[in-house]
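Chains A and B, in that order, give the protein sequences.
Per our numbering, the first sequence starts with residue 2, numbered consecutively.
Per our numbering, the second sequence starts with residue 2, numbered consecutively.
A virtual CB, placed ideally from N, CA and C, is assigned to each residue, including glycine.
Notes follow the structure.
Protein chains: 2
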Amino acid sequence: MKRIKLVVAYDGTDFRGWQLQPKVRTVEGELNRALSGLLREEIQVTGASRTDSGVHALCNVAVFDTGSPIPPAKLSWALNQRLPEDVRVQDSCEVAADFHPRRCPSRKTYEYRILNSRFPLPTRRRYAHFTYVPLNVEKMRQAAAYLVGEHDFASFCAAASTAETTVRTIHALSVEREGEEILIRVCGSGFLYNMVRIVAGTLMEAGRGHIEPWQMADILNARDRQAAGPTAPACGLTLVKYEFL
Amino acid sequence: MKRIKLVVAYDGTDFRGWQLQPKVRTVEGELNRALSGLLREEIQVTGASRTDSGVHALCNVAVFDTGSPIPPAKLSWALNQRLPEDVRVQDSCEVAADFHPRRCPSRKTYEYRILNSRFPLPTRRRYAHFTYVPLNVEKMRQAAAYLVGEHDFASFCAAASTAETTVRTIHALSVEREGEEILIRVCGSGFLYNMVRIVAGTLMEAGRGHIEPWQMADILNARDRQAAGPTAPACGLTLVKYEFL
C-alpha cells in the first residue's frame, strides 16, 4: 500500500463545495469517482480544506491509499482524463503512510477578490465579488492590521462551527488594489468556518466607512459573530497556496 | 433622435459571437432584445468589432438611434437590469448623429493569453488557451517584431474574409510572461478576419521551435494562409481597448 497525495485545482462555481454529500456535485465526489474508476477499487480521499460551495482552489490537497502499481507521478495525467474540466489534478506523489493533510502543521493562503467598479465585468463574475460602493483601501489596510497575530476569532466564525477553540493565528493579511480589483490576501495556520469570508466582509465595512479601523479591536473582543460584518460571497474566494511545514 | 454609444463587456464563452444570427445566442441579439424592451421600440444596434464565438470583450462598442427621453448616461444602469449576467454595459453616452463605429478611425487592442503549464487550471479555462508544450517567450518576441508596422497580412487572414485589402498596420505587438501565462498584446487600426488568432497561433509555432523567428518575413511575403501557423483557439482572446481617434 502507498499513500498518495494529490494537489487539486478547481473552479468552485458549479460545485456544492468540496465535501462529499449525497445527490449533489462535490469536488470530493468527482475525485472519488475518477480514482475508483482508474484504480478499479473503491477510493475515498481525505481532503485538506473543505471549501464551501462556490469557493475556488488552485492547490487543495487530498490523500488516499492504494496498492496500484501505477507510478504515483503518472496518476495526475491519468486522472485528468477522467475528471470534468472544472477539476484538474496539478501534481501527484507518494507521501509517508502516516501523512494526514488536516493533522499536519500547515500554512494556507487565501485570496479574496473584490471588483470595485461602476458595473460588473462578465469575465470576472465567477472569480471576484462585485460592489460599486467605493471602498477605501487604506482604511481596509488599517482595519486588517488589528487581525494579524494570534487572536480569539469567535466573532469571525460562522455559528455552524464545531471547532474546539476559536483561537487562530493570522501570519499575514494584506489589502492591495490591482486595477479595478481589490485583493485581500490572508495567510494563516488554519481558519474557522467562514472566517476568511467574514474577515473580507468586515474589511469591506471598514472600506465603505460603516466602521472605523480602530473598532476592529472591539469586534475581536466581543467574541460574538454579530459584532463582525457580513459573510462576503463565496465567488471572490480562492485557496491559492497550501504549505505543509 | 439621438445617437447613443454603448461600451459593452461580455464573456464570449456561451455566445455564438457578436453578430446577430437566427436561432443562436449572440451579443448583438441580447443587446437588441434588452434595448427594444426598455425603450419600447425596435432597436438594432451597429457593432464596432464582430468578435467570433468564444471571444471576450471588455469594451466593444455599439451604437443605435432613439427618440427616448431617458438620459443617455442612465441607459447603462437600466440596460444592465435586462441583460444576462455574461453581458454588461460599461458606459452609455450620446455621440454625433453621423458617428459610425466601423467607419471612424480607431485603434483596437487585443490580448491573447496562453496558460503554459503542466496541467490546465480550471479557473482559467474560459480565458486562456492551455498548452503544456514549453514555449520560448524570447523566440516569440523575436518573431513578433517582424509583424509590427504596415504589411500585407494576407497570410494571417482566414479564407472566409471579404476584406477589400489585406494591408493592415500593427502599431505594437508584445509578448510577456505573467507567472504561468504568456500574454500577447497587439494594438492596430484594424484586423482581418481571425488575424489576431492566426498571429497568436504562428507566434506559438515560433515559441515551440517549429519555425524560426526570421521565417516570419517569408510567411508575410507568401501572402498565403497556408504559410502561417494554425488559428489559435478563441477562448484566449479578449478585446481589451477600443479608442476612436
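- Leu32 (chain B) is positioned such that its CB atom lies no closer than 7 Å to that of Ala74 (chain B).
- CA-to-CA, the gap between His152 (chain B) and Glu29 (chain B) works out to about 31 Å.
- Note that the stretch 175-189 of chain B does not touch the stretch 209-219 of chain B; fewer than 3 beta-carbon pairs, one per stretch, sit closer than 8 Å.
- Of the residues A:Gly55, A:Pro214 and A:Leu39, the one whose Cα lies closest to the Cα of Asp15 (chain A) is A:Gly55.
- Below the 9 Å Cβ cutoff, chain A contributes Ser118, Arg119, Phe120 and Leu122 as neighbours of Gln91 (chain B), in chain order.
- Burial state of Ala146 (chain A) is exposed, judged by a 10 Å Cβ sphere holding fewer than 16 other Cβ atoms.
- When Cβ-Cβ separations below 7 Å define contact, Asp53 (chain A) makes no contact with chain B.
- A distance of 7 Å or more separates the beta carbons of Pro102 (chain B) and Ala159 (chain B).
- Put simply, of B:Tyr111, B:Ala129, B:Asp225 and B:Ala35 the residue whose alpha carbon is nearest the alpha carbon of Leu80 (chain B) is B:Ala35.
- Using beta-carbon distances, His101 (chain B) does not count as an interface residue toward chain A, since no partner is under 7 Å.
- Nearest neighbour of Pro231 (chain B) by Cα position, chosen from B:Glu95, B:Leu7 and B:Ile212, turns out to be B:Ile212.
- For Thr14 (chain B), the three-state secondary structure derived from DSSP is helix.
- In this structure, DSSP gives Ala235 (chain A) a helical state, which the three-state scheme calls helix.
- Taking the Cα positions, Val90 (chain A) is about 10 Å away from Lys6 (chain A).
- Taking 8 Å as the Cβ-Cβ cut-off, the stretch 60-87 of chain A approaches chain B at Ser77, Asn81, Glu86 and Asp87, given in chain order.
- Taking 7 Å as the CB threshold, Asp225 (chain A) stays off the interface with chain B.
- Between the C-alpha atoms of Ser93 (chain B) and Met2 (chain B) there is a straight-line separation of about 16 Å.
- Counting only the Cα atoms, Ser156 (chain A) lies some 7 Å from Ala223 (chain A).
- Between Ala161 (chain B) and Arg226 (chain B), the alpha-carbon positions lie close to 11 Å from each other.
- Note on the stretch 158-191 of chain B: whole beta strand (DSSP E) runs with a minimum of 3 residues are 168-179 and 182-189, in chain order.
- Contact annotation, Gly237 (chain B) with Ala98 (chain B): C-beta distance approximately 38 Å; criterion of less than 8 Å not satisfied.
- The continuous alpha helix (DSSP H) containing Ser37 (chain A) extends over residues Val28 to Leu40.
- In its chain, beyond the 5 residues on either side, no residue has a beta carbon closer than 6 Å to the beta carbon of Pro123 (chain B).
- In this structure, the straight-line span from the alpha carbon of Arg142 (chain A) to that of Ala233 (chain A) is close to 17 Å.
- Counting along the chain, Arg89 (chain B) sits inside the beta strand (DSSP E) bounded by residues Val88 to Val96.
- Sequence-ordered contacts of the stretch 128-143 of chain A with chain B read Tyr128 [C-beta pairs closer than 7 Å].
- Listed in chain order, the non-local C-beta contacts of Asn137 (chain B) below 6 Å within the same chain comprise Gly208, local neighbours out to five positions each way being set aside.
- Exposure of Arg119 (chain A) is indicated by the presence of fewer than 16 other C-beta atoms within 10 angstroms of its C-beta.
- Interface annotation, Tyr11 (chain A): in contact with chain B, CB-CB separation under 7 Å.
- Counting the other CB atoms within 10 Å of its CB gives Ala173 (chain A) a total below 16, which places it among the exposed residues.
- For Arg126 (chain B), the nearest beta carbon of chain A is closer than 7 Å to its own beta carbon.
- If you check each beta-carbon in the stretch 184-214 of chain A against every beta-carbon of chain B, none falls closer than 9 Å.
- Close to chain A, meaning a Cβ-Cβ distance shorter than 8 Å, are the following residues of the stretch 27-57 of chain B: His57.
- In the displayed model, Asp219 (chain B) falls within a helix according to three-state DSSP.
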